[in-house]
Ligand SMILES: [Zn+2]
């Protein structure tokens, strides 16, 4: 559970204090107490990282596996990442690049215009992930086989795919994130791999925040709500927010949605409430972040209290 990154641990409370808060933790979180059973002294959350003028495009961010960078170049320039075209910089020249859970040790970013091309090579630091065993799950939730259920899962996947294709013309991502919950207990870190009933599952691409059902969820940054579904099979109440450049944050298992599809939200705005709907073993917010086909750790983008 120990990672080198500790900057964003401000609100990460000890798992041992869950009972005191009346929160039923999922089995994988009860397995062991990974954090001390007391409230750590808060440390200041840094302001939005300033652009570094010594780097090409003034890049800033967290240059680690599961991290990200933001930069600013010529408006409308073509973005190439590791030899793959990734769209255009915003009308103000801003762009975002996410680094995968298992990103290689270097990332090449190029901006191309009709006149010239500039490139940067970033070193990407490794991140250590945990392996968690989750036993006692009902078998039918591990591998769905009912045809009607498979149809439903397929329909819902199409809805999500449509939302992920959104490219809102905003650059809100450049300001970093605020925490979506005021108070929570970390019940699952990004990138952890779970072994479900003995079978290794895909790595966990979310940051799990345990909190009582009904706890308000706030937008961590300005954006456009591109999906708001109250009861999906896996995700329960799900909201997706496009922050620009295809950077989309996700809020799973909600008991109640407040924001609606098509609505513009601002940082701190109430979007919904914590719950345990969908495939969840207790009330928590599974917070996820996706850019193009890459998944990142949303907690690494927190720069505001
Ligand atoms: Zn999760």
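Numbering (this note's numbering), first residue to last: 6 to 310. Backbone N, C-alpha and C fix where the C-beta goes; we use that ideal spot for every residue, glycine too. Bear in mind that the values here come from a model prediction, so they are computed numbers and not experimental data.
Which listed residue (the options) has its alpha carbon closest to that of residue i
i: residue 112; options: 126, 201 and 130; result: 126
i: residue 289; options: 267, 295, 221 and 299; result: 221
i: residue 61; options: 173, 249, 271 and 99; result: 99
i: residue 224; options: 307, 217 and 132; result: 307
i: residue 123; options: 109, 244, 106 and 85; result: 85
i: residue 203; options: 143, 64, 57 and 102; result: 143
i: residue 132; options: 196, 228 and 66; result: 196
i: residue 271; options: 212, 178 and 279; result: 178
i: residue 301; options: 59, 64, 68 and 56; result: 68
i: residue 168; options: 106, 157, 107 and 231; result: 231
i: residue 260; options: 109, 267, 246 and 233; result: 233
i: residue 274; options: 114, 183 and 252; result: 183
DSSP three-state assignment for residue i, whether helix, strand or coil
i: residue 61; result: helix
i: residue 237; result: strand
i: residue 246; result: strand
i: residue 39; result: With a pLDDT of only 36 at residue 39, under 50, the local geometry of the prediction cannot be trusted, and no value is derived from it.
i: residue 285; result: coil
i: residue 295; result: strand
i: residue 305; result: helix
i: residue 45; result: Here the model assigns residue 45 a pLDDT of 35, short of 50, so the residue's position is not dependable and the matter cannot be decided.
i: residue 180; result: helix
i: residue 169; result: helix
i: residue 219; result: coil
i: residue 194; result: coil
i: residue 68; result: coil
i: residue 214; result: strand
i: residue 269; result: strand
Counted within 10 angstroms of its Cβ, other Cβ atoms place residue i as buried (16 or more) or exposed
i: residue 120; result: exposed
i: residue 173; result: buried
i: residue 89; result: exposed
i: residue 138; result: exposed
i: residue 150; result: exposed
i: residue 27; result: No answer about residue 27 holds up, because its pLDDT of 42 lies below 50 and its placement is not dependable.
i: residue 265; result: exposed
i: residue 159; result: exposed
i: residue 303; result: buried
Any non-hydrogen atom of ligand 1 within 7 Å of residue i CB
i: residue 211; result: yes
i: residue 291; result: yes
i: residue 193; result: yes
Starting from the N-terminal side, write out each stretch of the beta strand (DSSP E) that is 3 residues or longer and does not extend beyond the segment 81-134.
83-86, 89-93, 99-103, 111-117 and 122-128
For the segment 139-167, which segments carrying the alpha helix (DSSP H) assignment without a break, of at least 4 residues, lie completely within its bounds, in sequence order?
144-147
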